[in-house]
Ligand SMILES: [Zn+2]
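In the numbering used here, the protein residues as written are 4 to 111.
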């Protein structure tokens, strides 16, 4: 129902402008669930971030904050930014839905 759409994914990549975890930019970005699906996470805009292949492989199904600590990455900065970005994208999503409902009201 709230699965990540292609436009949300594009917006996520623009918002993060690189790997969400290590900041790498000169690398193809992959979708990573912050809270892994296997731990109850969902494939939604507020749980998906772009990340580089090396982070994605390393993190795998680990819990994000303990993994970032282990990698000596700044998990507080990440969580803060992730909250801001997902909040702003969630707002856009609501607007998209409202727009779609309006379109339905247009007579064929
Ligand atoms: Zn990375």
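Glycine included, every Cβ here is placed at the ideal spot set by N, Cα and C. These numbers were taken from a predicted model, which means no experiment stands behind them.
CB-CB length for residue i against residue j, believed under 8 Å
{"i": "residue 80", "j": "residue 53", "result": "Actually they do not touch by this definition, with Cβ atoms about 16 Å apart."}
{"i": "residue 113", "j": "residue 48", "result": "No statement about residue 113 is possible, as the shown extent of the chain runs from 4 to 111 and does not include it."}
Contact test: residue i Cβ vs ligand 1 heavy atom, cutoff 7 Å
{"i": "residue 29", "result": "no"}
{"i": "residue 57", "result": "yes"}
{"i": "residue 24", "result": "yes"}
{"i": "residue 54", "result": "yes"}
Proximity of residue i and residue j at Cβ, strictly below 8 Å
{"i": "residue 56", "j": "residue 28", "result": "no"}
{"i": "residue 46", "j": "residue 15", "result": "no"}
{"i": "residue 34", "j": "residue 17", "result": "no"}
{"i": "residue 3", "j": "residue 84", "result": "Outside the shown range of the chain (4 to 111) lies residue 3, about which nothing can therefore be said."}
{"i": "residue 19", "j": "residue 88", "result": "yes"}
{"i": "residue 25", "j": "residue 82", "result": "no"}
Checklist entry - Taking the runs of the alpha helix (DSSP H) that are 4 residues or longer, which of them lie wholly in the stretch 7-48? => result 9-19
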